[in-house]
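Visitor: Below is a structure I'd like to ask you about.
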Amino acid sequence: MRQAEALERQLQELRTQFSTDPEHTREQVAVAQERASATERGALHEIDQERTLRQQAEQALADLRIELAAVQARAQDAAVVGAEERTRLQAERDPLHRQLAEAEQAFERGQVAREGLRAELETAVRRTERADAEAAATRRLVTARRRAPVTRTKFMPGQA
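Spelled out as structure tokens, the structure:
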């Protein structure tokens, strides 16, 4: 009987172990499933964050492309306006250069003419001074003759 009791005890231990093992296993499975669920939720959350960040980055990139296109269009418009303004200024500059060259030539001709007139004026002044000197000398001579006594001669004009 002892053997039967020992077998009975062994059977009871096996039954207890069998009944506790599945429960323990169930608990481990439940814990593992909870961990897996938490890991899956974390992974899904990370995926959502990455998706949101990617969408935000794509939107920012699209916005920057639009802004870049607008800036390039404004820059091109400004370049066209600048080129037009440069062309207009060059068109204004060319006649002004010609006018300046003509004015400089006219000024040079005026300088030459002025020098010629100055020379003529100096000549005229010298002539005037000479004429004044001659007039003064003539006056002195005439005055000296008037003061000298007039001697009468017997010569009469018209008699021969």
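Mapping the sequence shown onto this note's numbering, position 158 (from 1) lands on 174, and the numbers just tick up by one. Note that CB positions come from ideal geometry on N, CA and C, so glycine has one too.
Look at the alpha carbon of Thr159 and the alpha carbon of Arg146, and state the distance between them as a whole number of angstroms.
Guide: Numbered from 1 along the sequence shown, position 143 holds the residue referred to as residue 159. Numbered from 1 along the sequence shown, position 130 holds the residue referred to as residue 146. Going by the C-alpha atoms only, they are around 19 Å apart.
Visitor: At the level of alpha carbons, what is the spacing between Ala152 and Ala129?
Guide: The residue given as residue 152 occupies position 136 in the sequence shown. The residue given as residue 129 occupies position 113 in the sequence shown. Distance between the alpha carbons of Ala152 and Ala129: 34 Å.
Visitor: Using the C-alpha atoms, what's the distance from Asp110 back to Glu101?
Guide: Your numbering for residue 101 matches position 85 in the sequence shown. Your numbering for residue 110 matches position 94 in the sequence shown. Linking Glu101 to Asp110 through their CA atoms gives a straight-line distance of about 14 Å.
Visitor: When the Cα atoms are used, what is the spatial distance from Gln88 to Glu66?
Guide: What you label residue 88 is simply residue 72 of the sequence shown in a count that begins at 1. What you label residue 66 is simply residue 50 of the sequence shown in a count that begins at 1. Distance between the alpha carbons of Gln88 and Glu66 is about 32 Å.
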